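J.: Our numbering puts the first residue of the sequence shown at 2, with every later residue one more than the last.
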Amino acid sequence: MEEHERLQKAIMEIFQKEVQTLDPELQSILIDDIVTAFYNRLNIMKKIQHNTEMRLCTNNSLVLEPMQVLDPDTLQSMDENNKRWVKDWREAVSKLVSKK
Numbered sequence: 002m003e004e005h006e007r008l009q010k011a012i013m014e015i016f017q018k019e020v021q022t023l024d025p026e027l028q029s030i031l032i033d034d035i036v037t038a039f040y041n042r043l044n045i046m047k048k049i050q051h052n053t054e055m056r057l058c059t060n061n062s063l064v065l066e067p068m069q070v071l072d073p074d075t076l077q078s079m080d081e082n083n084k085r086w087v088k089d090w091r092e093a094v095s096k097l098v099s100k101k
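(1) List in chain order: all unbroken alpha helix (DSSP H) runs of 4+ residues lying wholly within the segment 10-47.
(2) Quick check on residue 89: does DSSP put it in helix, strand or coil?
(3) Whole angstroms is fine: what's the gap from residue 92's alpha carbon to residue 10's?
(4) Given 8 Å as the limit, is there contact between the segment 37-46 and the segment 15-24, that is, 3 or more CB pairs closer than that?
(5) To the nearest angstrom, how far is it from the Cα of residue 78 to the Cα of residue 84?
(6) Please state the DSSP three-state secondary structure of residue 57.
(7) If I measure Cβ to Cβ from residue 37 and keep anything under 7 Å in the same chain, skipping five residues before and after, which residues do I get?
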């Protein structure tokens with residue numbers, strides 16, 4: 002929680018000009034949403050990384066499909082924005098690999 006609050010303060014400083022037209026309560030809600038979204042995506046990336054590393058160790062092959070390395074419970078709990086973000090990430094990685 003302490004880290005969450007520290008990050009909220011930092012984000013508020015960064016976006017101070019952009020959010021100044023909002024009421025203080027709405028500013029607080031927006032900043033909290035931004036920080037929460039960051040931590041949600043960070044946790045998803047950690048799971049992808051962990052699961053990919055596990056597959057690399059057992060299969061000696063690179064997994065390029067994050068949706069496949071996420072466990073069903075994680076996929077079920079993801080909101081549509083995070084699902085879309087993972088899909089976009091997967092497409093970007095596929096494009097990078099196909100260029101090589």
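All C-beta atoms, glycine included, are put in the ideal place defined by N, C-alpha and C.
Since the model is a prediction, treat every value here as computed from it, not as a measurement.
T.: Judging by the given coordinates:
(1) 17-20
(2) helix
(3) 33 Å
(4) no
(5) 10 Å
(6) Low per-residue confidence applies at residue 57: pLDDT is 47, beneath 50, and the placement is therefore not dependable, though the value from the model is reported in the following sentence. In the structure shown, residue 57 sits in a helix (DSSP, three-state: H, G or I).
(7) none
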